[in-house]
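Those letters in the sequence shown? Residues 9 to 402, by our numbering. In this text, a Cβ means the ideal position worked out from N, Cα and C, and glycines have one as well. What follows is a short report on a single structure.
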Amino acid sequence: MKRNILISLILFSCCGLMAQKYSPMRAYNLYFEQNYTAAKECIDWCIQDEKYNTKANTWLYKANIYYRLASEEYSKKQQDTTFHITVPTAPQESFAAFQKAVELNKDIEASDMLSPQEALPRLYPLLFLEGVNSIIAQNWANAKSILEKAITSYEIQQPEYPLDGELYYYYAYTLEMLNLPEQAQVNYQKAINDNSNNINVYLRLIESYKKAGDKKAVTDLIQKGKQKNPNNPNILVAEADYYFWNNEKEKGRTLLKQLPPSVYGSIDAIVNIANLYISDSNFIEAESLLKRAYQSMPDNHIIAHNLGVCCDYIGNVKYLEANKLDLQGKKDEANQIKKQADDYLQQAAIYFEKVVAHDSTDIMILRKLKEIYSRLMLDDKIQQTESRIQKLEK
């Protein structure tokens, strides 16, 4: 009996000490001292306490503490990318706490702290950064939830620091990844209305309209993009691409020929132009462009794959040409063309081998390599490749 009384007294004493240590006023004092980490720990205990968590000022203190902590940590992260953010969810927790404070008392205020009316329109940059981090982690559902809060904050009033469409762009991209194309279109358009200079906004919206089959929306957007960025290579290539997509190939070809030299300063544009030439079966022009891109990006397996496709096609065409000359009795000419064909197929093999080095399970490329090795009569490589194919087929 005495032992039970003693335990009760100890527990009562501990609870009393805890109550003294953790209180909203203690959290407020730590906040005022700019010790935001300790203030967070204190207010977190208060939020778990039924005596405090029904009070508006408890939530207001939490909101301000988390806001300052997030501001401090994200600022350090911008200055030093190796800095570890201890509370990555602080921006949205601050947002929710300000809303909770208003729910409990719409007129809540505290000395030397932001009121909800002051703070909520200021939270969007922090929420935006947190949302982008979720996008990088490909946590699309979480990114959507956070960026929606950021947009709510951004739209409360005229933003102090406009984001020039970037908030809407990342939100639209997230919606696209969640297979919500119509909502994504709305927000890509909001990005444009918010004065976006990001050409990806136009390009992704163009592709979205193409998928929806809305030709007028595509052409209107291309013209708007050209007005906004008249010399941007990607929008100029997107215009040519539209006409190939719309089966107006002659117009597409004309636009490709009319592209200014400045366009070819962009590797992305060169690759996209080459893809259009491939789709138009102009493999020689495509190969010439892709070689330029490959010089700048020799480790890009997509460029290597497309170069392999071009060289393989050109090599096979030249083999057919050599066979015709051979049948006509023009042996010397046939041998010259056959040598060119072998050269192209050897190049194709090199490019496809790079692709396989990136993805050793690509059975289609392995089969293509086996075919090329057979044409070049490389017996050892034929056997090695056949062995790899058989292992993958098991």
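Measure the alpha-carbon distance for residue i versus residue j and round it to whole angstroms.
i: Leu353; j: Ile380; result: 6 Å
i: Ser395; j: Asp222; result: 48 Å
i: Thr62; j: Tyr217; result: 49 Å
i: Leu134; j: Tyr181; result: 19 Å
i: Ala118; j: Leu68; result: 8 Å
i: Ser270; j: Val279; result: 14 Å
i: Leu335; j: Ile243; result: 48 Å
i: Pro306; j: Leu386; result: 25 Å
i: Lys29; j: Lys236; result: 59 Å
i: Pro238; j: Ile275; result: 18 Å
i: Pro241; j: Gly316; result: 25 Å
i: Thr66; j: Leu211; result: 47 Å
i: Leu298; j: Asn343; result: 27 Å
i: Trp148; j: Thr94; result: 22 Å
i: Gln398; j: Leu374; result: 11 Å
i: Ala47; j: Arg34; result: 8 Å
i: Pro170; j: Ser368; result: 47 Å
i: Phe20; j: Asp57; result: With a pLDDT of only 38 at Phe20, under the threshold of 50, the placement of this residue in the model should not be trusted, and no figure is reported.
Let me know the secondary structure DSSP gives residue i once reduced to three states.
i: Met385; result: coil
i: Ala419; result: Summary: the structure shown does not reach residue 419, with the chain confined to residues 9 through 402, and so no result is reported for it.
i: Ile93; result: coil
i: Glu58; result: coil
i: Lys84; result: helix
i: Glu138; result: helix
i: Gln355; result: helix
i: Gln125; result: helix
i: Leu112; result: helix
i: Glu394; result: helix
i: Ser21; result: Residue confidence is low: Ser21 scores 39 on pLDDT, short of 50, so the model does not pin down where it sits. Its coordinate-derived value is still stated next. It is helical.
i: Tyr30; result: coil
i: Pro238; result: coil
Count the other CB atoms, across all protein chains shown, that sit within 10 Å of the CB of residue i; report buried if there are 16 or more and exposed otherwise.
i: Pro99; result: buried
i: Gly337; result: exposed
i: His313; result: buried
i: Asp320; result: buried
i: Asp202; result: buried
i: Lys362; result: buried
i: Ser31; result: buried
i: Leu328; result: exposed
i: Ser161; result: buried
i: Glu101; result: buried
i: Gly260; result: buried
i: Arg76; result: buried
i: Thr404; result: Absent from the model: residue 404. The displayed extent of the chain is 9 to 402, so no value can be given.
i: Lys198; result: buried
i: Glu184; result: buried
State yes or no: is the C-beta of residue i within less than 7 Å of the C-beta of residue j?
i: Ala64; j: Asn113; result: yes
i: Lys346; j: Ala330; result: yes
i: Ala158; j: Gly173; result: no
i: Val209; j: Tyr179; result: no
i: Gly323; j: Ala349; result: yes
i: Arg318; j: Ala294; result: Note that residue 318 is Cys in the sequence shown, not Arg. Yes.
i: Pro129; j: Ile73; result: no
i: Leu229; j: Ile214; result: yes
i: Phe360; j: Leu377; result: yes
i: Ile371; j: Ser382; result: no
i: Leu131; j: Tyr82; result: no
Please report whether the beta-carbon of residue i lies at a distance below 7 Å from any beta-carbon of chain C.
i: Asn65; result: The structure shown contains no chain C; it holds only a single protein chain.
Inspect the CB distances between the stretch 97-108 and the stretch 122-135 and report whether three or more fall short of 8 Å.
yes
Using a Cβ distance threshold of 8 Å, determine whether the stretch 244-257 contacts the stretch 275-286, with at least three qualifying pairs required.
yes
Check whether the stretch 87-95 and the stretch 31-40 touch, using three or more Cβ-Cβ pairs below 8 Å as the test.
no
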